[in-house]
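For reference, the structure is listed below as structure tokens.
In my numbering, the protein residues as written are -19 to 114.
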């Protein structure tokens, strides 16, 4: 399976995570051939992790995490043509309800390809909001 060529810098998308609500984030990675024709990349077998942290260092507390290992990220092509998703993040409300940090944090989404190479596919600010309705 060829590894897609992704543009740099890493795509930036800020997100809002509402406490006590499911958080959903989906990506569709495509690859273009030499004629510019786009094809949805089959991400089956990729190991993907998204972490939300107060600071971008390993010592910073993980506020929320989704991964293919914990089942909060699924990979592989799903959806109708033109609406495909191949990385689907769903952090359940049981996890977001436990978030105590409020305000701004950061996140990134990392993929490890079957050949062992690692790349970051998305990053941005994560706005953590309290819930008023329970």
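We put the beta carbon where it would ideally sit given N, CA and C, even for glycine.
Skipping 5 residues on each side, what residues in its chain have a beta carbon closer than 6 Å to that of residue i?
{"i": "residue 47", "result": "29 and 53"}
{"i": "residue 2", "result": "72 and 73"}
Just how far apart, CA to CA, sit residue i and residue j?
{"i": "residue 114", "j": "residue 73", "result": "11 Å"}
{"i": "residue 55", "j": "residue 112", "result": "33 Å"}
{"i": "residue 99", "j": "residue 91", "result": "5 Å"}
{"i": "residue 106", "j": "residue -5", "result": "5 Å"}
{"i": "residue 76", "j": "residue 59", "result": "26 Å"}
{"i": "residue 110", "j": "residue 95", "result": "40 Å"}
To which residues of the same chain is residue i closer than 7 Å at the C-beta, ignoring the five residues directly before and after it?
{"i": "residue 4", "result": "69 and 70"}
{"i": "residue -7", "result": "102 and 104"}
{"i": "residue 8", "result": "20, 64, 65 and 66"}
{"i": "residue 38", "result": "none"}
{"i": "residue 0", "result": "73, 76, 77, 111 and 114"}
What is the residue span of the beta strand (DSSP E) that residue i lies within?
{"i": "residue -1", "result": "Run containing residue -1: none; DSSP gives neither H nor E here."}
{"i": "residue 80", "result": "No beta strand (DSSP E) contains residue 80, which DSSP labels as neither H nor E."}
{"i": "residue 10", "result": "10 to 12"}
{"i": "residue 16", "result": "Neither: residue 16 is in no beta strand (DSSP E) and is coded neither H nor E."}
{"i": "residue -7", "result": "It is not in any beta strand (DSSP E) - residue -7 carries neither H nor E in the DSSP assignment."}
{"i": "residue 100", "result": "98 to 109"}
{"i": "residue 40", "result": "First-last for residue 40: undefined, no H or E at that position."}
Of all the options the options, which has the alpha carbon lying nearest to the alpha carbon of residue i?
{"i": "residue 78", "options": "-9, -3, -10 and -7", "result": "-3"}
{"i": "residue -10", "options": "95, 80 and 102", "result": "102"}
{"i": "residue 51", "options": "10, 90 and 27", "result": "27"}
{"i": "residue 45", "options": "38, 56 and 33", "result": "33"}
{"i": "residue 6", "options": "110, 41, 57 and 42", "result": "57"}
{"i": "residue 41", "options": "108, 10 and 81", "result": "81"}
{"i": "residue 61", "options": "2, 93, 0 and 10", "result": "10"}
Got a sec, what are the start and stop residues for the alpha helix (DSSP H) residue i sits in?
{"i": "residue 58", "result": "It is not in any alpha helix (DSSP H) - residue 58 instead sits in the beta strand (DSSP E) that spans 53 to 58."}
{"i": "residue 73", "result": "73 to 76"}
Identify, in the order they occur along the chain, each residue of the same chain with its Cβ nearer than 8 Å to the Cβ of residue i, setting aside the five sequence neighbours on each side.
{"i": "residue 35", "result": "86"}
If you pair each beta-carbon of the segment 16 to 25 with each one of the segment 77 to 86, do three or more pairs fall below 8 Å?
-> no
* Asked: Touching or not, the segment 64 to 81 and the segment 12 to 19, by the rule of three or more beta carbon pairs under 8 Å?
  -> no
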